[in-house]
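Protein chains in written order, with this note's numbering: chain A, 30 to 242; chain B, 637 to 995. Structure, as structure tokens:
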């Protein structure tokens, strides 16, 4: 029996190697670490002022190399599972104009990971966000309009300043949030920076023409 | 081996089908390679896909077995979006696997015995975004039963399982579903051939299944956050692997809630199997580390059934660990032990180990 198992195992490994060799680079991939669970509902929530919007999802790939700038410039940490394919949701209005995009990211907070859906405006600045999976008791606080307003319109560089220890403490105090909400705020900022800084480097986002960029 | 000979035709067909998928994917990739980086051509990239080779080795040991047995699985996990210039038109899932059962102590019903080759199509569907806003879609193919808590959690090929398979008599079926997400809930209602893994029509089997629940999705192994509920139903005249038919109906209620690192999941079903009443359920408590690469879980299952000899009950306990620090590999182990047998049976346990690789 063990002989048979070994034979089958070696056959499986051989087949795996052959398939890996046969398939072209870029085809074989891992699933996205995170995606927007309900993209239609998410886009509705994040772009309420554009009732007749449409979106076309797009796969983008995060690699160690392509995220080097984010890690160098912003000192952001990436989990190994973040490298791979992710979904972007560029949105256009009924006239076909790019109005922004939505993107989901997973970030570790205090006790477990949280999933944040971040939306940009047409200029690729922070527009809105919500937590699509979060077990933190501070989720509701961080989704309050005054908190969203404080982050709205920020660029990746401006958000990067807020994620630094002094910036984070100042932001929490200014918004009168409990200090225990810091890990979740940090996760929110990290997700937002990764989204904004990443799309700033992309030149093939559907609906985003050079004028709007 | 006799079992191999018996399934050789099916295996040949399966390999042909796999080759077809490879060819399709390769042609797509060639198209992608020839694209320039212009926005216009990116728009025309109508079929965006992610494909992974998924291989796993599962070893099982029971008190009754003399030696280790188990299964090797090897297959493709393909996920794609079909889009036009302005919107997504359809979502495609292909999960095509070959499974080698090797002295498996508890082979599934679709296997021809403890040692067997099987082509195991898991979820293979095209979901057409009919309304264009996610509220109404039509899914066609080999779909997972929209029933119970398992519908919200991707447990395909993992040791951690819930009750859908044993409760309904099948976990997948060939057919059509109507599905969508509304602001406050999601729904999926389907009709199926009633033959489970294989498409067979002897005696005209059929099933009707559906679930309405909190708006969550199954793209993440870890389920959803906050509290989620679901109400499910099932009615079926199922074609069993031995050629007989079995009538079942169920109504189920499920829920899940997460408190920091702790997850609480539960499900209860009432219904009848061949006209005899039964109630069953499952409770899971799980715990994860902050990065969620490590999951510990404990599941308690129980069942009451109106047997010819009167009402009887049975229960079991499972404890498992899953370690998945990378998308490329995961290690899992699970120990399950009956606590109370519905009908007298020798004490038994199942100890399982699994290594899974994605490339």
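Note that the Cβ used here is the ideal one computed from N, Cα and C, for glycine as well.
Cβ-based burial, residue i [other Cβ within 10 Å; buried from 16]
i: residue 979(B); result: exposed
i: residue 663(B); result: Residue confidence for residue 663(B) is low, a pLDDT of 47 falling below 50, so the modelled location carries little weight; the figure read from the coordinates is stated next. Per the 10 Å Cβ criterion, exposed.
i: residue 90(A); result: exposed
i: residue 220(A); result: buried
i: residue 143(A); result: buried
i: residue 781(B); result: buried
i: residue 166(A); result: exposed
i: residue 152(A); result: exposed
i: residue 717(B); result: buried
i: residue 895(B); result: exposed
i: residue 830(B); result: buried
i: residue 729(B); result: buried
i: residue 803(B); result: buried
i: residue 226(A); result: buried
i: residue 121(A); result: buried
i: residue 174(A); result: exposed
i: residue 985(B); result: exposed
i: residue 110(A); result: buried
i: residue 93(A); result: exposed
i: residue 888(B); result: buried
i: residue 198(A); result: exposed
i: residue 835(B); result: exposed
i: residue 928(B); result: buried
i: residue 863(B); result: exposed
i: residue 186(A); result: exposed
i: residue 171(A); result: buried
i: residue 57(A); result: With a pLDDT of 40 at residue 57(A), under the threshold of 50, the modelled position of this residue cannot be trusted; read the value that follows with caution. Answer is buried; the Cβ neighbour count reaches 16.
i: residue 78(A); result: exposed
i: residue 702(B); result: exposed
Whole-angstrom C-beta distance between residue j and residue i, which should lie under 8 Å
i: residue 107(A); j: residue 96(A); result: 6 Å
i: residue 796(B); j: residue 956(B); result: 6 Å
i: residue 725(B); j: residue 765(B); result: 6 Å
i: residue 150(A); j: residue 129(A); result: 5 Å
i: residue 743(B); j: residue 750(B); result: 5 Å
i: residue 784(B); j: residue 821(B); result: No, residue 784(B) and residue 821(B) are not in contact; Cβ-Cβ is about 16 Å, not under 8 Å.
i: residue 224(A); j: residue 82(A); result: That belief does not hold up - the Cβ atoms of residue 224(A) and residue 82(A) are roughly 18 Å apart, past 8 Å.
i: residue 874(B); j: residue 806(B); result: 6 Å
i: residue 161(A); j: residue 65(A); result: 7 Å
i: residue 900(B); j: residue 892(B); result: 7 Å
i: residue 179(A); j: residue 76(A); result: That belief does not hold up - the Cβ atoms of residue 179(A) and residue 76(A) are roughly 20 Å apart, past 8 Å.
i: residue 811(B); j: residue 827(B); result: 5 Å
i: residue 746(B); j: residue 754(B); result: 6 Å
i: residue 740(B); j: residue 705(B); result: 5 Å
Counterpart residues of residue i in DSSP-defined beta bridges
i: residue 753(B); result: 736(B)
i: residue 766(B); result: According to DSSP, residue 766(B) bridges with nothing at all.
i: residue 950(B); result: 939(B)
i: residue 127(A); result: 121(A)
i: residue 132(A); result: 117(A) and 147(A)
i: residue 234(A); result: In DSSP, residue 234(A) forms no bridge with anything.
i: residue 974(B); result: 952(B)
i: residue 78(A); result: According to DSSP, which records beta bridges pairwise, residue 78(A) is partnered with nothing at all.
i: residue 775(B); result: 763(B) and 813(B)
i: residue 783(B); result: Partner(s): none; residue 783(B) has no beta bridge.
i: residue 992(B); result: 692(B) and 966(B)
i: residue 607(B); result: Outside the modelled stretch of chain B, which goes from 637 to 995, sits residue 607(B), for which no answer is possible.
Closer than 7 Å: residue i CB and nearest the ligand FAD heavy atom
i: residue 722(B); result: In the structure shown, the ligand FAD is absent, as is every other ligand, since no ligand is present at all.
Neighbour flag for residue i against chain D, beta carbons, 8 Å
i: residue 67(A); result: Absence of chain D from the displayed structure is noted, the protein chains being A and B.
Problem - Residues, ordered as in the chain, of the stretch 810–829 of chain B that lie near chain A by beta-carbon distance below 8 Å - result: 817, 819 and 822
Exercise for the section: Decide if the stretch 708–722 of chain B is in contact with the stretch 834–845 of chain B; the criterion is three or more beta carbon pairs, one per stretch, under 8 Å apart. Expected result: no
Practice task
Name, going along the chain, the residues of the stretch 766–785 of chain B whose beta-carbon falls closer than 7 Å to a beta-carbon of chain A.
Solution key: 769 and 770
Exercise for the section: Check each residue of the stretch 75–93 of chain A: if its Cβ is closer than 9 Å to any Cβ of chain B, include it; give the result in chain order. Expected result: 83, 84, 85, 86, 87 and 88
Problem - Any 3 or more C-beta pairs closer than 8 Å across the stretch 937–951 of chain B and the stretch 969–988 of chain B - result: yes
Exercise for the section: Output, in sequence order along the chain, the residues in the stretch 140–158 of chain A whose CB is closer than 7 Å to any CB in chain B. Expected result: 140, 141 and 142
Handout entry: Contacting positions in the stretch 126–137 of chain A - beta carbon closer than 7 Å to chain B
Key = 137
Problem - Three CB pairs or more closer than 8 Å across the stretch 980–994 of chain B and the stretch 960–972 of chain B - result: yes
Practice task
May I ask you to list, following chain order, the residues of the stretch 96–110 of chain A that have a beta carbon less than 8 Å from some beta carbon of chain B?
Solution key: 108, 109 and 110
Exercise for the section: Residues of the stretch 211–222 of chain A with a CB closer than 9 Å to any CB of chain B: list them in chain order, please. Expected result: none
Problem - Cβ pair count under 8 Å reaching 3, the stretch 906–923 of chain B against the stretch 935–944 of chain B - result: yes
Handout entry: Contacting positions in the stretch 156–190 of chain A - beta carbon closer than 7 Å to chain B
Key = 162, 163 and 164
Practice task
Could you tell me whether the stretch 758–777 of chain B touches the stretch 724–743 of chain B, using the rule of 3 or more Cβ pairs below 8 Å?
Solution key: yes
Practice task
With 7 Å as the limit, tell me which residues of the stretch 890–909 of chain B have their beta carbon closer than that to any beta carbon of chain A; keep them in chain order.
Solution key: 894, 895, 896 and 897
Exercise for the section: Report yes or no: do the stretch 811–819 of chain B and the stretch 879–887 of chain B share at least 3 C-beta pairs separated by less than 8 Å? Expected result: no
Exercise for the section: Please name the residues in the stretch 958–990 of chain B whose beta-carbon is closer than 9 Å to at least one beta-carbon of chain A, in chain order. Expected result: 960, 961, 962, 963 and 964
Exercise for the section: Residues of the stretch 906–930 of chain B with a CB closer than 7 Å to any CB of chain A: list them in chain order, please. Expected result: 924, 926, 927 and 928
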